[in-house]
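Engineer: Right, I'll just put the structure down here and ask away after.
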Amino acid sequence: MKPSLLLLHGAIGASRQLQPLAAQLTSHYDVHLFDFPGHGGTPFSHQPFSIAVFAEATLEYIRRHQLQELTIFGYSMGGYVALYLARQYPKLIGRVITLGTKFHWDEITATREVKMLDADTILQKVPAFAENLSRLHAPNDWKTILQQTAGMLQSMGQDNPLKPAHYKEIETPVLIMLGDRDKMVSFEETIAAYKGLPDARLAILPGTPHPIEQVDALLLSFFLAPVVVSVTA
């Protein structure tokens with residue numbers, strides 16, 4: 001039986017964005033693609049978006065599908081959810097791998113990120129992006145997803161769910177990855193999280209920006225393959 005791999009997408013994203021990566025890893029893993037509540041056409045939760053709500057939905061999926069020997073790969077916000085879950089349930093996950101995850105949140109950071117989630121500005125300046133969001137989340141209203149995400153980020157800015165002291169409590173082996181051209185996530189916050197984890201490795205992906213659509217799926221799959229992770233660990 002193959003080990004399980006659960007792929008978690010980023011904020012305002014959907015699991016279908018990770019399908020190219022999933023295709024590269026089916027020979028190694030029993031691959032699962034998962035959409036957070038309200039994303040990718042899935043029903044909204046009765047509660048507003050939050051890391052806790054997304055983690056609870058992920059936990060329910062893991063238990064319902066009885067995922068064994070589990071690796072979770074989380075892109076951007078998905079990596080944050082994976083680490084949050086690993087802290088809460090240390091025996092549930094065999095390893096966590098993240099890419100482009102933003103660890104540092106305060107009010108200034110949240111305000112800056114929320115400004116990029118204004119639906120009217122997106123429609124005016126990048127209509128193609130608005131159309132893509134509409135297709136990605138249909139039949140759900142993409143504007144509602146932006147509004148709820150903005151609220152979540154503001155809450156994170158006021159009270160970061162994963163504080164620096166929490167990282168030392170995460171016993172799960174972690175591989176933290178960052179693209180060398182990522183303009184959203186800093187090296188400083190990535191290295192700080194890496195140093196705070198008891199069992200962590202760090203990888204910098206060459207020629208890699210933040211948007212998942214611009215990440216080389218073949219390069220990324222190299223770091224996710226079980227044999228590579230076991231060697232680096």
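Taking full-length UniProt numbering, the leading residue of the sequence shown gets 1, the next gets one more, and so forth. The beta-carbon is built from N, C-alpha and C at its ideal position, and this holds for glycine as well. Because the structure is a prediction, the values reported are computed rather than measured.
Enumerate, from N- to C-terminal direction, the unbroken beta strand (DSSP E) stretches of 3 or more residues contained entirely within the segment 56 to 125.
Structural biologist: Runs of beta strand (DSSP E) with 3 or more residues, each lying fully within the segment 56 to 125, are found at 71 to 75 and 95 to 99, listed in chain order.
Engineer: So, for L85: in the same chain, excluding its five sequence neighbours on each side, which residues have a beta-carbon less than 8 angstroms away from its beta-carbon?
Structural biologist: When the five nearest sequence neighbours on each side are left out, the beta carbons in the same chain lying within less than 8 angstroms of the beta carbon of L85 are those of A55, T58, L59, I72, L92 and I93, in order along the chain.
Engineer: At the 8 angstroms Cβ level, is T121 part of the contact set with chain D, yes or no?
Structural biologist: No chain D is present in this structure, which holds just one protein chain.
Engineer: Count the other C-beta atoms from every protein chain shown that fall within 10 angstroms of the C-beta of F187, then say buried if there are 16 or more, exposed otherwise.
Structural biologist: exposed
Engineer: Quick one: which unbroken beta strand (DSSP E) runs of 3-plus residues sit fully inside the segment 119 to 201? Chain order, please.
Structural biologist: 174 to 179
Engineer: What does H32 pair with, by DSSP beta-bridge criteria?
Structural biologist: L6
Engineer: Name the residue from Q66, A200, D199 and E171 whose alpha carbon lies nearest to the alpha carbon of K2.
Structural biologist: Q66
Engineer: Identify, in the order they occur along the chain, each residue of the same chain with its Cβ nearer than 6 angstroms to the Cβ of H39, setting aside the five sequence neighbours on each side.
Structural biologist: A14
Engineer: Please classify I62: is it buried, with 16 or more other beta-carbons within 10 angstroms of its beta-carbon, or exposed?
Structural biologist: Flag for I62 reads buried.
Engineer: Express the C-alpha separation of Q47 and Y75 in angstroms, rounding to a whole number.
Structural biologist: 23 angstroms
Engineer: Closest to V215 by C-alpha separation, out of L25, G100, A130 and A225, would be which residue?
Structural biologist: Of the listed residues, the one whose Cα sits closest to V215 is G100.
Engineer: Between which two residues does the alpha helix (DSSP H) carrying A23 extend?
Structural biologist: Q19 to L25
Engineer: Within a Cβ cutoff of 7 angstroms, which residues of the same chain sit near L218, ignoring the five residues on either side of it in sequence?
Structural biologist: Q24
Engineer: Are there 16 or more other CB atoms within 10 angstroms of the CB of R95, so buried, or fewer, so exposed?
Structural biologist: buried
Engineer: Which word fits T190, buried or exposed, when buried means at least 16 other C-beta atoms lie within 10 angstroms of its C-beta?
Structural biologist: buried
Engineer: Pull up the distance between the alpha-carbon of I176 and that of Y194, whole angstroms please.
Structural biologist: Going from the Cα of I176 to the Cα of Y194 covers about 7 angstroms.
Engineer: Based on Cα-Cα distance, which residue from P127, D106 and E169 lies nearest to Q154?
Structural biologist: Ranking P127, D106 and E169 by CA distance to the CA of Q154 puts D106 first.
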